[in-house]
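K.L.:
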Amino acid sequence: MTAISDLLEDPSIRAYLLRLIGEEGVDLLVKFPPEGEFSDEDLAAKTGINLNSVRHTLYTLYEKRLAGYRRIKNAETGWLTYLWQLNTDAIYHAICEDLQMVLEKLENRKKYEEENDFYICKTCGTFTFNEVADTNFQCPLCGNPVEHFNNETLLKALDLRISQIKQSPCYE
Amino acid sequence: MASLEEEALRLIQCTPGGVLQSELWKQLNIDSRKCSRIVKKLLDLNLIERVEHRSDGIKTFMLRGKKKTIDACLLMAEQELVPCIACDRECIVEECNLIVDWIYQLAIEEAKK
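Protein sequence lines, in the order shown, are assigned to chains Z and D. Counting from 1, position 112 in the first sequence corresponds to residue 112 in my numbering; the numbering is continuous, with no gaps. Start counting at 1 in the second sequence, then tack on 172, and there's your number in my numbering.
Here it is as structure tokens:
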């Protein structure tokens, strides 16, 4: 299994994990004992992280298959205990899935950029031709005149990233 | 890749410690011969590794996913992670200011290169 310290050395993976589980979640990953399986209460006690935060992190990690659990039942009380362990190798699968989701959004945005002509107000942002044609090429929000906006640079950047994602190992 | 192979790969990659081949075909609801063919294909593609394993004296194989070299940088523009990760807003990509800002970052990054 990939050591969490190795994963967190990659700034992109660190940013990804921070977005998913926040600072406390990353703290749990760092402090998660490398061997064995643990209940949420064990983990809260061992790491000093609030139990609710531990649970929230574990569920989020489970949704991405970055953590798994084994359920055991106490024969006397009938209580169920969930014993958790990390599965850091699944990070590559999780990132692949998200790259595919991002690709779809970037392709949709590219289509929108290609199909529209844009105008910019220096204060309020960009608008499509249809939005400013009705206002005699004045900003629909502040009334200042708008100027044509050349989106060629944005389209080039979008095109490049789309092709890079399509060439990534996720698409092999 | 065929959907059954994808499902097998997902199971192998996403199970901590790996999956026994003798369990994999049961989980996929296929026969062991078909499972062997799928495993061979995944091995040939260098996506998994296979280690001999004895379970109750019976020889089988433990299957584990190989680490792929996915470049997480593809989710970044400059130092900014794409806003779509873990985003819980209703997604209307034509109206999303967050993605527009991120695409601007992308264009700035490209212009610097």
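Each residue gets a CB set at the ideal place from its N, CA and C atoms; glycine is no exception. Please read all numbers here as calculations on a predicted model, not as lab measurements.
Comparing the C-beta of Z:Ala3 with each C-beta of chain D, is any distance below 8 Å?
P.N.:
With 8 Å as the cut-off, Z:Ala3 does not count as an interface residue toward chain D.
K.L.:
What does the alpha-carbon distance come out to for the pair D:Lys238 and D:Leu215?
P.N.:
Cα-Cα distance, rounded: 10 Å.
K.L.:
Determine whether the beta carbon atoms of Z:Tyr119 and Z:Val102 lie at a separation below 8 Å.
P.N.:
No.
K.L.:
Going by the beta-carbon positions, is the gap between Z:Glu37 and Z:Trp84 smaller than 8 Å?
P.N.:
A contact, by the Cβ cut-off of 8 Å.
K.L.:
Run the CB neighbour count on Z:Gly48, radius 10 Å, all protein chains shown included, and call it buried at 16 or more, exposed below.
P.N.:
Exposed, because fewer than 16 other Cβ atoms sit within 10 Å of the Cβ of Z:Gly48.
K.L.:
With a threshold of 6 Å on Cβ separation, who are the neighbours of Z:Glu71 within its own chain once the five nearest residues in sequence on each side are excluded?
P.N.:
With the sequence shown as reference, residue 71 of chain Z is identified as Arg, and Glu is not the correct amino acid for it. Excluding positions up to five away in sequence, the list reads Leu80 and Tyr82.
K.L.:
So which of Z:Asp89, Z:Lys111, Z:Leu106 and Z:Thr135 has the shortest CA-CA distance to Z:Leu8?
P.N.:
It is Z:Asp89 whose Cα lies nearest to the Cα of Z:Leu8.
K.L.:
Could you please give the first and the last residue of the uninterrupted alpha helix (DSSP H) stretch that includes Z:Gln100?
P.N.:
Z:Gln100 -> alpha helix (DSSP H) spans Ile91 to Glu115.
K.L.:
Taking the alpha carbon of Z:Gly125 as the point to measure from, which residue in D:Cys259, D:Lys284 and D:Asp273 has its own alpha carbon closest?
P.N.:
That would be D:Asp273, whose Cα lies nearest to the Cα of Z:Gly125.
K.L.:
Show which residues of chain D have a CB atom less than 9 Å away from the CB atom of Z:Val102.
P.N.:
Chain D residues near Z:Val102: Leu246, Leu247, Val254, Cys256 and Ile257.
K.L.:
Just confirm the distance between the C-beta atoms of D:Leu253 and Z:Arg65, as a whole number of angstroms; I'd bet it's less than 8 Å.
P.N.:
Not confirmed; about 20 Å, so no contact.
K.L.:
Are at least three pairs of beta-carbons, each pair with one atom in the region 149 to 159 of chain Z and one in the region 190 to 199 of chain D, less than 8 Å apart?
P.N.:
Touching, no.
K.L.:
From this set, D:Gln277, D:Lys284, D:Val265 and D:Tyr276, which residue's C-alpha is nearest Z:Arg109's C-alpha?
P.N.:
For Z:Arg109, the nearest C-alpha among the options comes from D:Val265.
K.L.:
Taking CB distances under 8 Å as the criterion, tell me whether Z:Leu83 reaches chain D.
P.N.:
Not an interface residue.
K.L.:
Can you check DSSP and say which residues form a bridge with Z:Leu86?
P.N.:
DSSP output for Z:Leu86 lists Z:Ala67 as bridge partner(s).
K.L.:
Using a Cβ cut-off of 8 Å (strictly closer), state whether Z:Ala157 contacts chain D.
P.N.:
Closer than 8 Å: yes.
K.L.:
Taking Cβ to Cβ, would you say D:Val211 is nearer than 8 Å to D:Arg222?
P.N.:
It is a contact, given that the beta carbons lie within the stated cut-off.
K.L.:
I'd like to confirm the pairing. Which residues does DSSP put opposite D:Ala174 in its beta bridges?
P.N.:
Its beta-bridge partners do not exist; DSSP assigns none.
K.L.:
Cα separation between Z:Phe127 and Z:Cys121?
P.N.:
Whole-angstrom Cα-Cα distance: 8 Å.
K.L.:
By how many angstroms is the C-alpha of Z:Asp134 removed from the C-alpha of Z:Ile13?
P.N.:
Taking the straight line joining both Cα atoms gives about 46 Å.
K.L.:
With a threshold of 8 Å between beta carbons, is D:Leu214 in contact with chain Z?
P.N.:
Closer than 8 Å: no.
K.L.:
Within 8 Å (strictly less), CB to CB, does Z:Ser12 reach chain D?
P.N.:
Cβ-Cβ to chain D under 8 Å: yes for Z:Ser12.
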